[in-house]
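The working numbering numbers the first residue of the sequence shown as 20 and each following residue consecutively.
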Amino acid sequence: IHVLATMRVDSTNAASGLKVVRGKDWELGDQDGGAGTVGTLVKQSDSKGWAIVRWPGGSEHSYRIGNGGNYDLIIAESSSDTATVTEGSGNQSVAVVGSMGTGQRVDSSNATAGLMVVRGKDWKWHDQDGGAGNIGTIIEGLDSDNWVLVKWPSGSQSKYRAGAEGKYDLEIGYQWVNRENAKIGLKVKRGKDWEWQDQDGGAGTVGTVISVVDTNGCVRVLWPTGLSNSYRVGGDDKFDLEIVDSSSSGERPLRKGDFVQLAPDYAAHGDAAKGPLSVGDVGQIISHDDSDNTYHIRASDRTWWYRGAALVRAKGKYTPVDIAAARRTGYMIRSEGDDKFKFTSPNGPVLLVS
């Protein structure tokens, strides 16, 4: 538990899922259920300077987040439905809030696109992140100078040190799945509000999100057992799932040049079954679209866009050959240190193109 100066809720940080309590301009009695009750911000209203909050009792109301210069709410994160708020001198309050970071610094070992982060020990950028406690997302991994590009809830983007100048501006934030980051193909495991026993196959099992968020604040997840179920990503103010990032598995994300094969559940991800890859075939990534986590794959004489969840890194190491060379050698592709292999599919021989 950290004690932080009051962080008012305004248009720059009022993101869906944000935990809030009544603030300095509150004048609505016990509409929230009583002082210290923690609510969840649903969305910013169509009316500028207002936001809708859902309270534990289920009621939803609109509150000022700048309208008329008034701020009814402050940020509060707590493991329960109440937070301690004490008054200081004048209008200054102090809120006890849960830390949004894990304490693990962002560095060359984990600085990958998609990682959720908060300000860290060497932060010197004032409220460029929208205020202490805001969670951003790395959208470009480590560059040659050890900086990463982060996008914050307000939409602003800036670069931060992940070893540059011997400094570490960021630490890894909590990676729970919510309405904002849930997307098809996301790798997940059971999270802080999990209450479904071993429906996932057991603690630590990694599943794949296979649906968009529904009106109840839930997504559907496919587990390695072949079973799928719906889980809360903000519905009922609960978060059943946690994001599994590449650093936790020790494996970096797929990138241009990697060789890939179809994942066991590839048919559940878009139109992967219509592409040139068949089960067991090997293709090569020629480009990647971060906006929807899709990969452009070349295999045989064709190319195809696959969702990331439909692919896995190919086992072994492969030497790419161009089409002409492959034809001269009988469509043979050498696995380094082993014998030659021949890959075929209903679409013809697999040709890896450099």
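Quick reminder that beta carbons are idealized off the backbone N, C-alpha and C, glycines included.
If I measure Cβ to Cβ from residue i and keep anything under 7 angstroms in the same chain, skipping five residues before and after, which residues do I get?
i    : result
N235 : G254
A282 : A328, A329, L330 and V331
Y179 : W166, V167, V169, D188 and L189
Y250 : C237, V238, V240, D259 and L260
A333 : F278, V279, Q280 and V301
A287 : I229 and L241
V263 : K206, V207, K208 and V225
D164 : A183
Nearest-angstrom Cα distance between residue i and residue j?
i    : j    : result
D100 : H80  : Model confidence at D100 stands at a pLDDT of 37, short of 50, so the residue's coordinates are unreliable; what they give is reported in the following sentence. If I take the Cα positions, the gap works out to 17 angstroms.
T59  : A201 : 17 angstroms
R209 : L273 : 23 angstroms
R41  : L47  : 9 angstroms
S97  : M26  : Confidence is the limiting factor: at S97 the pLDDT is only 39, short of 50, which leaves the residue's position unreliable and the question unanswerable from this model.
A34  : K211 : 20 angstroms
D162 : G185 : 15 angstroms
V207 : N312 : 15 angstroms
G302 : K293 : 14 angstroms
H307 : D49  : 50 angstroms
Y314 : G289 : 12 angstroms
N89  : G204 : 41 angstroms
D141 : W323 : 43 angstroms
K143 : L246 : 47 angstroms
By Cβ distance below 6 angstroms, which residues in the same chain neighbour residue i in space, the five residues on each side in sequence not counted?
i    : result
T31  : G149 and S173
D256 : T59
L37  : L60
Y285 : A291 and A329
T156 : M135 and K170
D91  : G42, D44, W45, Y82 and R83
Would you say residue i and residue j are within 9 angstroms of each other, going by their C-beta atoms?
i    : j    : result
A132 : E159 : yes
G195 : L134 : In the sequence under discussion, the amino acid at residue 195 is Trp, which differs from the Gly named in the question. Result no, Cβ atoms of W195 and L134 do not sit closer than 9 angstroms.
A70  : I84  : yes
S127 : A181 : yes
D51  : W74  : yes
R198 : V252 : yes
K248 : W215 : Going by the sequence as given, residue 248 is Asn instead of Lys. Cβ atoms of N248 and W215: closer than 9 angstroms.
V39  : V57  : yes
K67  : N86  : yes
I304 : G276 : yes
What does a CB cutoff of less than 8 angstroms around residue i pick up in its chain, not counting 5 residues either side in sequence?
i    : result
A343 : Confidence in A343 is poor, its pLDDT being 49 and thus under 50, which makes the residue's placement unreliable; the coordinate value appears in the next sentence. Around A343: no qualifying Cβ.
G139 : G120, R124, V125, Y187, D188, L189 and E190
S64  : A70, I71 and S81
G147 : Note that residue 147 is Gln in the sequence shown, not Gly. Around Q147: W171, S175 and S177.
D233 : S249
V231 : A201, K202, I203 and V238
S78  : Q50
N110 : Residue placement at N110 is poorly supported in this model, since its pLDDT is 33, which falls under 50; the coordinates still yield a value, given next. Correct list, in chain order: K43.
H145 : none
Are there three or more Cβ pairs, one per stretch, closer than 8 angstroms when the region 212 to 227 is compared with the region 240 to 249? Segments in contact, yes.
Identify every run of the beta strand (DSSP E) within the region 186 to 240, keeping only runs that are complete inside it and at least 3 residues long; order them along the chain. 189 to 192, 206 to 209 and 226 to 228, all fully within the region 186 to 240.
Three-pair Cβ contact test at 8 angstroms for the region 210 to 220 versus the region 162 to 182: Here the region 210 to 220 makes no contact with the region 162 to 182; the two share fewer than three CB pairs at distances below 8 angstroms.
For the region 288 to 330, which segments carrying the beta strand (DSSP E) assignment without a break, of at least 3 residues, lie completely within its bounds, in sequence order? For the region 288 to 330, whole beta strand (DSSP E) runs of length 3 or above, ordered along the chain, are 302 to 308, 313 to 318 and 321 to 326.
Please go through the region 30 to 56 and give each complete beta strand (DSSP E) segment of 3 or more residues, from N-terminal end onward. If we require 3 residues or more, the beta strand (DSSP E) runs fully inside the region 30 to 56 come out as 38 to 41.
Length-filtered (3 minimum) beta strand (DSSP E) runs lying within the region 133 to 188: Runs found: 135 to 138, 155 to 159, 166 to 170 and 176 to 180.
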